[in-house]
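Here's the structure, in structure tokens; my notes come after.
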Amino acid sequence: MSAAALLRIRDLVVHFAGRSGQVCAVDGVDLDVHPGETLGLVGESGSGKTVTVLAALGLLPPSAACTVRGQALLDGRDLLTMAPRQLRAVRGREIGLVFQDPMTSLHPSFRVVDQVAEALLVHNGRLTRRDARDRAVELLETVGVPHPGRRVHDYPHQWSGGMRQRAMIAMAMANRPRLLVADEPTTALDVTIQAQILDVLRAARDDVGAATLFITHDFGIVAELADRVAVMRAGRIVEDAMAQQLFATPQHPHTVALLQAVPRLDRPVPERPPVAARGTPVLAVEDLVTHHRTRRGAVHAVDGVDLAVHAGETVGLVGESGCGKTTLARTVLRLVDPTAGRILFRGEDITTARGRRLRTARRGMSMVFQDPYASLNPRMAVGDILAQPLRVAGRYRSSGGPRRIAELLDLVGLESASATRLPAEFSGGQRQRIGIARALALSPDLLVLDEPVSSLDVSIQAQVVALLDRLQRELGVAYLFIAHDLALVRQLSDRVAVMYLGTVVETGTREQVYERPTHPYTQSLLSAVPVPDPARRRGAARIVLRGDVPDPSDPPTGCRFRTRCWKATSECAVTDPELVVRPGSDHPSACLHADTHVAVPVGRQPDGQREVSEPRRPTTG
Amino acid sequence: MTRRYVLRRLLQVLPTATVILLVGFLLIHLAPGDPVLALAGQSGDAEYYAFMREKFGLDEPLTTQLAIYAGNALRGDLGTSYVQGRPVFDIIAERLPATMLLTGTALVLSTAVGIVVGIVAATSAGRWPDVTVSTTALALYAAPVFLLGQLAILLLALRAGWFPVQGMRDARDPGTGASQLLDVGHHLVLPVLVLASQEVAAVARLCRVGLVDELARDHVRTARAKGVPERVVVTKHALRRALLPVVTVLGGRVGHLVSGAVIVEVVFGWPGIGRLLVTAMQTRDAPIVLGIFLLVAVTVVLANLVTDLLYAWLDPRVRYS
Amino acid sequence: MLVRLLASPGGGLGAALTLVLLVVGLAAPLLAPYDPFAVDGPALSRPTGAHPLGTDALGRDLLSGIIWGARTSLLVAGCVAVLVSIVGATVGLLSGYAGGWADDVLMRLTEAFQVLPRFFLALVVIAFFGPGLDRLILVLGLTSWPLLARVVRAEVLALRTREFVEAARVHGASRTRILLREILPNAVPPAIALLGLVVAQVILIEAGLGFLGLGDPNVVSWGALSSEAQQFLRVAWWLSLFPGVAILLAVLGLNLLGDALTDVVTGRR
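Chains as they are written, first to last, in this note's numbering: chain A, 4 to 624; chain B, 1305 to 1625; chain C, 6 to 274.
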């Protein structure tokens, strides 16, 4: 690393004039990226990591309200004081950028191929449009878009998230830049698609030999890709070290705190008190089916699910977007009417309950929502929000009125003065606590939590999860915990169910599913999660699935997973495997070839799958 | 765009047209006095009224009357003005070209200038060109048309003498051919300026807001990150979608322009349907007033239709769904 | 929120101008130096000490005329605002919350009303029923609500699927309760901001009608004052300028206030 830095940011300061005065988003940042090196810039939301990089490249929206000071030297030339024409020549040619959300980052009114071609045309005056288009198709092929030649007329909304992000990468790498900047490129994607995209990024980077500046909040990704890591907090860099060193011996207390708060698959989890899974389950779902009608036909959001939650236990429900877990949650609470099947709450069939029966049942179950900003009425004081379920059930006075509100606030660790304030005065984590308090107002037996901490920063996540744990022990509430973060689910759950395209593909105790997964989807999910340990990076071969999730309105015949499965045989297209205990396993799995061994075939797969030559057991312990 | 969408949109015109006809019909029958006055004017004689009563079936049950009225209206028969002794349709048709000249020119001018001004304001957002433009636009938008007209006459016609004060042609020497065109053009300048200035303000405001929003979007940031020159970013990447709000209000603007035209015609003595309307109000010539109302209402409906179709054509997401 | 509103330059000015309009209009009898109909002063006199804004052809004081004109505009604006709010909010709420065929029907109705050219409709009504403030208010009130209804409906549609509304459903709240306590308080504020802009347009229309001589002859109207000026343009510029500027300031104030309110309300989100 004695080579001079390619990008040197010195003393960068960025101020925004907000409604309530000046906000200092970046407070004196120094950063170096050396040629051929990958620097991971990590931090929580609001830490200033994105603003730093965008400001250095002159890409903040032009506005009189924003001031940038300092230096950003690319090979000695200061980007902040460069003439606009020179800056334009640098961007797209020497620096390639990949942004977070491919849906909004691509122009909706232009064809994808044309947008990629534009990246070439802007910097090569002599290239003809036809040549640029051909070259664009080649680039798309390199990043793994299937049959790009046939998709020359497509618009971005016709492509999936993963394909769009591949197009963004193709655009960024088109002119073989010396520096690749990626701002949270996989945050908007599902974990199996994320694995695909990380591979594509890695391949593109290695092919061109570019230095990389990778911005993310995910330590796992950083551990996989970065040589060096810089941690940001409140506009400052608090620690900057080689990756191995940072993960092994973090110095700054903030880094330490973050690393401890991250749920990890490779560390042991605390023991959970044993649950008596006997007697009538609090919630039992039998062969539940929920379809919605859309223009293209019926979408099988939930297509035959069996599930049971017993008193005081936590059942974790995992799956990626589109698997139906949210629809399942809403059906159980009767926010949506099921198409078929039964829902039994405390032994009573509430599938078609109405009026008083439904209301009575509803008092025993409740929900915590994902978005802390949208789940509380912005014009209602917190006290009224908490009182609402009590009032609706006619129990406000009988439960003690304001005293009960104070009790609830205390239960979630908020002071009683909060009752007169509006939600806008609280942070995301605090609002989520209010949401939890509201859900507990009527002392329910079952709490359905739909991605309750996904919108929160890692350190706040840990606090809220600890709160949920404590409440469960104190009150004996059963939880149906829905999330896409596997490591997180592992922390809280007693039993786990994995969903794919509307059905449960594997279920069992936490230990069974995480230690000895038998369904190929579960195995690939687990292997796709990036682990915050750089030492594992070299050795671990990861399963990268082929292609995208099929269209839920037209699921594959037989086993739904077969279109992406490396074990699929012709039998899989004919029979839909049942969720039963298979030979060689101790818990139910819906796969004809259920096996704890993973034998990924040798050789290169056409869609960017890696070459792996050894059968391996995925281990998490 | 899908033929289904076009058909659906065309069908939507029907209920609106029905409402308009209904309103006209109701007004005739709800107004104090004999409905025949609304169709034949104040100063007819008994014979004439009897004739009109027959023609519009005023002794028949209401539903039949409505049908007859609608039928007549669709055929272009809007009654006859006794005051002028001619069919309403002819009278209106005579005056229409002058108003169309005025309104059409104002529409085109205000759209073009408004967009340019909006672009200037948006690309220099927060700095002095934007502040000047936005404040001027705000003031113009809030000013009543007659104030602008009277000020224009005071300053540019009376004081400076650059433009004629009234009328469409020089009453003393109309001229022929090219010189006539020039003459009309000369008279056209002030009225069009006044009428257009209000609309310029509205268009510029819309364009600015739309463009500022678009320029802050992610896909514009991507274009900049690719190294696309700023000029191209604005015109190719941002402007298209930013202009969509401008397109959508086209229908409403036509209505606004025609209303403004009435006042401008009075202020400048321009011989169009606006002046006709005011004169008709003064002479209690109800069929003309009603006829103009129907004409304008139908025009606005058609303008809205064109706008919707144009919007669908411009936005590929609507097109391909 | 009020503080933020006043802090922005547009908002502050808008609020100030609107306040002036309110005060002048309400306190007209106290503020006007003369009876606006009194034919006292010298005809067509320039602005002087005795008549700070000049007099018209009949010797009526222009300043008093403008002060009383404020009252007329305020009256029309106020009544139309009330009418528009009630009709627009009701239609928007029902249409957005009920959905289905009710929504379709109400939306068709809204579109039909939106297309009617207000100015011409007012003209026609006056032609058939004679001039009068009550008719004007009725016509303008019944044709200016569509925009408000659309905005309210859009808000309701967005709110209907928001999590806090679902939370209320989970707890078993009835549809009425949800509509009134969860949706209404959140759907209405953006519409209020719009009201300022709608009312500004109404004042312009009323002035236009007055200019054409079609206003209510029993009250003083800014538009009517300007129409007098038309004949005397060469000799009495003040007759044209001052009423016009008064309208400009009133409409400007309302527009600025409406814009600032919209920024504050949507900025919060």
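Every residue, glycine too, gets a C-beta built ideally from N, C-alpha and C.
Query raised in the report: Can you tell which of His522/A, Leu471/A, Gly43/A has the C-alpha that lies nearest to the C-alpha of Pro586/A?
Result: Ranking His522/A, Leu471/A, Gly43/A by Cα distance to Pro586/A puts His522/A first.
Query - Rounded Cβ spacing between Gly61/A and Leu82/A (contact assumed at less than 8 Å) - result: Between Gly61/A and Leu82/A a beta carbon distance of about 6 Å is seen, short of the 8 Å cut, so the two are scored as contacting.
Query raised in the report: From Asp186/A, Leu142/A, Arg231/A, Ala233/A, pick the residue whose C-alpha is nearest to that of Ala206/A; which is it?
Result: For Ala206/A, the nearest C-alpha among the options comes from Leu142/A.
Query raised in the report: Between which two residues does the alpha helix (DSSP H) harbouring Met1294/B extend?
Result: Because residue 1294/B is not part of the residues shown, which for chain B are 1305 to 1625, the question remains open.
Query raised in the report: Between which two residues does the alpha helix (DSSP H) containing Arg138/A stretch?
Result: From DSSP, the alpha helix (DSSP H) with Arg138/A extends over 132-145.
Query raised in the report: Which residues in the same chain as Arg267/A place their Cβ atom closer than 7 Å to its Cβ, once the five residues preceding and following it in sequence are excluded?
Result: Taking Arg267/A as the centre and dropping the five residues before and after it, the same chain places the C-beta of Ala490, Val534, Pro535 closer than 7 Å to its C-beta, in chain order.
**Report entry** Rounded distance between the beta-carbons of Leu389/A and Ala444/A, thought under 8 Å
**Finding:** Between Ala444/A and Leu389/A a beta carbon distance of about 6 Å is seen, short of the 8 Å cut, so the two are scored as contacting.
Report task. Classify Arg541/A as buried or exposed, calling it buried when 16 or more other Cβ atoms lie within 10 Å of its own Cβ. Result -> Confidence at Arg541/A is low in this model, with a pLDDT of 49, below 50, so its placement is unreliable and the value that follows should be read with caution. Around the beta carbon of Arg541/A, fewer than 16 other beta carbons lie within 10 angstroms, which makes this residue exposed.
Query - Rounded distance between the beta-carbons of Pro159/A and Val115/A, thought under 8 Å - result: Contact flag correct, Cβ pair sits at about 6 Å.
Query raised in the report: Which residues of chain C have a Cβ atom closer than 8 Å to the Cβ of Val1495/B, listed in chain order?
Result: At residue 1495/B the sequence reads Pro, which differs from the Val that was named. Result: empty, since nearest Cβ-Cβ is about 14 Å, beyond 8 Å.
Query raised in the report: With a Cβ-Cβ cutoff of 9 Å, do Arg186/C and Ser1563/B count as a contact?
Result: No, the Cβ-Cβ distance between Arg186/C and Ser1563/B is not below 9 Å.
Query raised in the report: Between which two residues does the alpha helix (DSSP H) containing Thr329/A stretch?
Result: Segment 328-335, the alpha helix (DSSP H) holding Thr329/A.
Query raised in the report: Among Gly16/C, Trp150/C, Val8/C, which one has its Cα closest to the Cα of Leu259/C?
Result: Shortest Cα-Cα distance from Leu259/C to any of Gly16/C, Trp150/C, Val8/C involves Gly16/C.
**Report entry** Simplified DSSP state of Thr53/A, which is helix, strand or coil
**Finding:** Of the three classes helix, strand and coil, the one that applies to Thr53/A here is helix, per DSSP.
Query raised in the report: For the beta strand (DSSP E) that Gln25/A lies in, which residues bound it at each end?
Result: Segment 24-36, the beta strand (DSSP E) holding Gln25/A.
Report task. Output, in chain order, the set of chain B residues within a Cβ distance shorter than 7 Å of Ala122/A. Result -> Against Ala122/A, the close residues of chain B are Lys1530, in the order they occur along the chain (beta-carbon pairs closer than 7 Å).
Query raised in the report: Going by the beta-carbon positions, is the gap between Ala72/C and Phe247/C smaller than 9 Å?
Result: The question names Ala, yet the displayed sequence has Ile at residue 72/C. For the 9 Å CB-CB criterion, Ile72/C and Phe247/C do not form a contact.
Query raised in the report: Which residues share a DSSP beta bridge with Ser369/A?
Result: Ser369/A has Leu450/A as its beta-bridge partners, per DSSP.
Query - Residues bridged to His220/A (per DSSP) - result: Looking at the DSSP assignment, His220/A forms no beta bridge with any residue, so it has no partner.
Requested in this report: Can you grab the Cα-Cα spacing for the pair Glu509/A / Thr525/A, in whole Å?
Outcome: Distance between the alpha carbons of Glu509/A and Thr525/A: 7 Å.
Query - Cutoff 9 Å: Ala92/A Cβ touching any chain B Cβ - result: With 9 Å as the cut-off, Ala92/A counts as an interface residue toward chain B.
Query raised in the report: Applying a beta-carbon distance threshold of less than 8 Å, which residues of chain B neighbour Gly282/A?
Result: The contacting residues do not exist; Gly282/A stays about 52 Å from chain B at best.
**Report entry** the stretch 37-50 of chain C / the stretch 86-100 of chain C touching (three or more Cβ pairs under 8 Å)
**Finding:** Note that the stretch 37-50 of chain C does not touch the stretch 86-100 of chain C; fewer than 3 beta-carbon pairs, one per stretch, sit closer than 8 Å.
Query raised in the report: Under the three-state reduction of DSSP, which class applies to Leu76/A: helix, strand or coil?
Result: DSSP, reduced to helix, strand and coil, places Leu76/A within a strand of the structure shown.
Query raised in the report: Does any CB atom of chain B fall closer than 9 Å to the CB of Ser108/A?
Result: Chain B, which has a Cβ nearer than 9 Å to the Cβ of Ser108/A, makes this yes.
Query raised in the report: Does Leu82/A have its Cβ less than 9 Å from a Cβ in chain F?
Result: Among the chains of the structure shown, chain F does not appear; the protein chains present are A, B and C.
Query raised in the report: What does Leu1519/B touch in chain A if you count any residue whose Cβ is under 9 Å from its own?
Result: Neighbours of Leu1519/B on chain A, chain order: Pro64, Pro65.
Query raised in the report: Which word fits Asn223/C, buried or exposed, when buried means at least 16 other C-beta atoms lie within 10 angstroms of its C-beta?
Result: Its Cβ having fewer than 16 others within 10 Å, Asn223/C is exposed.
Query - Residue nearest to Ser462/A in terms of C-alpha spacing, selected from Cys27/A, Pro38/A, Glu47/A, Asp33/A - result: Comparing alpha carbon positions, the residue from Cys27/A, Pro38/A, Glu47/A, Asp33/A closest to Ser462/A is Glu47/A.
Requested in this report: Please go through the same chain and pick out, in chain order, the residues whose beta-carbon is closer than 6 Å to the beta-carbon of Asp268/C, but skip the five residues on each side of it.
Outcome: Taken in chain order, the list of residues that qualify is empty.
Query raised in the report: Would a check of beta-carbon distances place Ala172/C closer than 9 Å to chain A?
Result: Interface residue, yes.
Requested in this report: Helix, strand or coil for Glu518/A, going by three-state DSSP, please let me know.
Outcome: Helix.
Requested in this report: Please look up how many angstroms separate the CB atoms of Phe1597/B and Phe125/C, rounded, as I've assumed it's under 8 Å.
Outcome: Their Cβ separation, rounded to whole angstroms, is 5 Å, which keeps Phe1597/B and Phe125/C in contact under 8 Å.
Query - Boundaries of the alpha helix (DSSP H) in which Glu636/A is found, first to last residue - result: With chain A represented from 4 up to 624, any question about residue 636/A goes unanswered, as that position is not in the structure.
Query raised in the report: Could you check where the beta strand (DSSP E) with Val534/A kicks off and where it finishes?
Result: For Val534/A, no beta strand (DSSP E) encloses it, and the DSSP letter there is neither H nor E.
Query raised in the report: Distance, Cα to Cα, Arg1431/B vs His1490/B?
Result: Those two C-alpha atoms are separated by around 37 Å.
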